[in-house]
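A.B. asks:
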Amino acid sequence: ELIGELPTMQKLWQQLAAQATLVGAPVWEALDILAGLPLITPATSEAFVPQMVNLDLVDGVSFKKGCYPGQEIVARMKYLGKLKRRMYLARCGAASSCPAPGTHVQISEAGASNNVGMVIHSRPAHDGGCYLLATLDIERAQQSIHLEGHPDWILKLMELPYAVDELQERS
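Numbering (the numbering used here), first residue to last: 3 to 173.
Right, here's the structure in full:
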């Protein structure tokens, strides 16, 4: 993102356009997904505490200052609680369309599907399928997981570009 005076930005735009390919918001959002940066939408706005979507790992929440709704719960989770879900980066190569935010992630056990997480955001991958960020039960994330209603749409977990202590302890 560039911010500046209009004449300067117009000149810079012309220089960049001569050598770069113009892409839209879906590509930007896919890059955010690959960077492990969540986009919270109305469908998921009250579903997570900041730590569940890794905001504590990317300096997206402060534990030292500020006053905001839910601050006590967020601080209690950091200092006293044990986090049961974290955000994971995944790819679904079989998906013919990307899942909507709020779609459940499931595992199949004894012939039944059980919810183990929720899609935060997803976008098409450059070579088919889609990339997505989802919160998953840490204890069950390494099992074969799939999207709700699509047991053949298996999710393949990918490595996030930053360290997640809870995940490394289980590797």
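Using N, Cα and C, we set each Cβ at its ideal position, and we do this for glycine too.
So what's Val121 in DSSP terms, helix, strand or just coil?
C.D. replies: Looking at Val121 - three-state DSSP - the assignment turns out to be strand.
A.B. asks: Please classify Gly38: is it buried, with 16 or more other beta-carbons within 10 angstroms of its beta-carbon, or exposed?
C.D. replies: Gly38 is buried by the Cβ-count criterion.
A.B. asks: I'd like the span of the beta strand (DSSP E) that includes Lys158, first residue to last.
C.D. replies: Segment Lys158 to Met160, the beta strand (DSSP E) holding Lys158.
A.B. asks: Find out if the Cβ-Cβ distance for the pair Leu138, Val121 is shorter than 8 Å.
C.D. replies: Not a contact, by the Cβ cut-off of 8 Å.
A.B. asks: Can you name, in chain order, every residue of its own chain whose Cβ lies under 6 Å from the Cβ of Leu159, other than the five neighbours on each side?
C.D. replies: Excluding sequence neighbours, Leu159 sits near Tyr90 and Ala92.
A.B. asks: Below 8 Å, can you find three or more Cβ-Cβ pairs linking the stretch 94 to 107 to the stretch 16 to 28?
C.D. replies: They do not touch, by the three-pair rule.
A.B. asks: Taking the alpha carbon of Ile35 as the reference point, which residue from Glu111, Trp155 and Pro103 has its own alpha carbon closest?
C.D. replies: If we check each option's Cα against that of Ile35, Pro103 comes out closest.
A.B. asks: To the nearest whole angstrom, what separates the beta carbons of Leu14 and Leu4, a pair I think is in contact under 8 Å?
C.D. replies: The Cβ separation is near 7 Å, so the contact holds.
A.B. asks: Can you name the start and end residues of the alpha helix (DSSP H) that Gln108 belongs to?
C.D. replies: Per DSSP, Gln108 belongs to no alpha helix (DSSP H); it is in the beta strand (DSSP E), His106 to Glu111.
A.B. asks: In chain order, what residues of the same chain have a beta carbon less than 6 Å from the beta carbon of Ala97, not counting five sequence neighbours either side?
C.D. replies: Excluding positions up to five away in sequence, the list reads Gly131, Cys132 and Trp155.
A.B. asks: Once the 5 residues before and after Lys86 are set aside, which same chain residues still bring their CB inside 7 Å of it?
C.D. replies: Closer than 7 Å at the Cβ level, and outside the excluded window around Lys86, lie Asp139 and Ile140.
A.B. asks: Which residue or residues does DSSP assign as beta-bridge partners of Leu135?
C.D. replies: Answer by DSSP bridge pairing, in chain order: Leu91 and His123.
A.B. asks: For my contact list, Ala32 and Pro126 are in at a C-beta cut-off of 8 Å; report their separation, rounded to the angstrom.
C.D. replies: The pair is a contact, with the Cβ atoms about 7 Å apart (cut-off 8 Å).
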